[in-house]
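Scroll down for the structure; my scribbles are underneath it.
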Amino acid sequence: MSHFETVTLNRDCEATQIPAGVKETLRKGTKVHVTQSLGGSFTIMTEQGYMVRMEGKDADAIGKEKPQPVTTSTPSEKSMTFETLVWEQLKTCYDPEIPVNIVDLGLIYECKIAPRSDDPSKKDVQIKMTLTAPGCGMGESLRADAIQKIQDLKDAGDVHVELVWEPPWDRNMMSEAAKLQLGMI
C-alpha cells in the first residue's frame with residue numbers, strides 16, 4: 018500500500034527530475050504528492066506522473082517546516098571517532114527513489130580520513146561511492162548531498178566524493194536492514 022500526502026504548492030520552487038537529474042521549476046498552484054521525506058529532502062510525484070526531488074530549503078512550498086540539519090558534537094564530546102561521525106552523516110543521505118540511506122544500500126565503497134598537514138585539527142575525507150544504475154542522473158545530487166553533510170561536521174576539512182562504477186552495484190551489497198525494509202527477506 019502506498020502512503021503519500023497530496024498538497025498544492027503555495028509558491029514556485031526548484032526541483033530535480035528523478036532519475037534524469039534535470040532541474041525544473043514547479044509552479045505555484047500545482048498539485049503534487051509527497052511520497053518520501055527523508056534526509057532533509059522530499060520526493061514528489063507530479064500530476065504528470067514523474068518524480069522530482071525537492072530540497073528541504075523549499076519545504077514551505079508544500080506547507081512543511083524546513084528540516085533541521087543533522088547536528089553532531091565533536092568526537093571527544095560524544096566519544097565517537099570522526100570516522101563514525103562521517104558514516105552517521107552518510108546515513109542521512111537517501112536515494113530519492115528508494116527509502117533507504119546510501120550506506121545501507123551499499124553505495125559507499127570506501128571512506129578514507131586523514132588529518133590535514135596544515136591544520137591537524139581538521140580532517141580531509143575521501144569517499145568512493147557508486148549508484149544503483151550507471152545511467153542514473155541523480156548521481157551528482159547524491160554526491161553533493163554527501164559532501165554537504167560531511168562538511169557540516171565541525172572537524173571536516175576538504176571533502177571529496179568520487180563516483181565509481183567498479184565493482185558494479187548489485188542488491189547483494191545492501192545491508193540486512195535494507196533488505197528487510199524493502200521486503201527482500
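To convert, count from 1 in the sequence shown and add 17; that's my numbering.
Don't be surprised by glycine CBs; every beta carbon is placed ideally from N, CA and C.
Small disclaimer: the values here were computed from a predicted structure and weren't measured.
Cutoff 7 Å; reference residue i; Cβ partners in own chain excluding five residues on either side
i   : result
T23 : K48 and H50
S54 : none
A78 : L26, N27, R28 and C30
E94 : Interpretation of E94 is limited by its pLDDT of 47, a score under 50 that renders its predicted location unreliable; no figure is taken from the coordinates.
Candidates the options, of which the one nearest residue i by Cα
i    : options                   : result
E31  : W182, I167, R44 and G154  : R44
L122 : C128, P132, L107 and S134 : L107
A76  : T25, F99 and E114         : T25
E179 : A194, I125 and L197       : I125
T33  : R133, E64 and P113        : P113
Q6   : A150, D135 and I130       : Because the chain in this structure spans residues 18 to 202, residue 6 falls outside the shown range and cannot be described.
E193 : T63, A163 and I202        : I202
F21  : L170, R28, T60 and N27    : T60
P132 : A173, E41 and A195        : A173
V176 : W186, K139, T63 and P185  : K139
Residues bridged to residue i [DSSP beta-bridge criterion]
i    : result
K40  : T33
P78  : A small correction: the amino acid at residue 78 is Ala; Pro does not occupy that position in the sequence shown. According to DSSP, which records beta bridges pairwise, A78 is partnered with nothing at all.
F59  : S54 and M71
Y111 : N118
M146 : I125 and L180
P132 : K140
CB of residue i within 7 Å of CB of residue j, strictly
i    : j    : result
C110 : I119 : yes
G57  : P36  : no
W104 : P151 : no
Sequence-distant residues of its chain with Cβ nearer than 8 Å to residue i (five each side left out)
i    : result
M18  : Annotation note: pLDDT 37 at M18 (below 50); position unreliable, no value reported.
G66  : none
I115 : L122, T149 and L199
G73  : G57, S58, F59, K83 and P84
Beta-carbon proximity list for residue i, same chain, < 6 Å, skipping 5 on both sides
i    : result
G209 : The structure shown does not extend to residue 209, since the chain is modelled only from 18 through 202, so no value can be given for it.
D162 : C110
Limits of the alpha helix (DSSP H) - the one that residue i falls within
i    : result
E157 : G156 to Q168
E64  : Careful: E64 lies outside any alpha helix (DSSP H) and carries neither H nor E.
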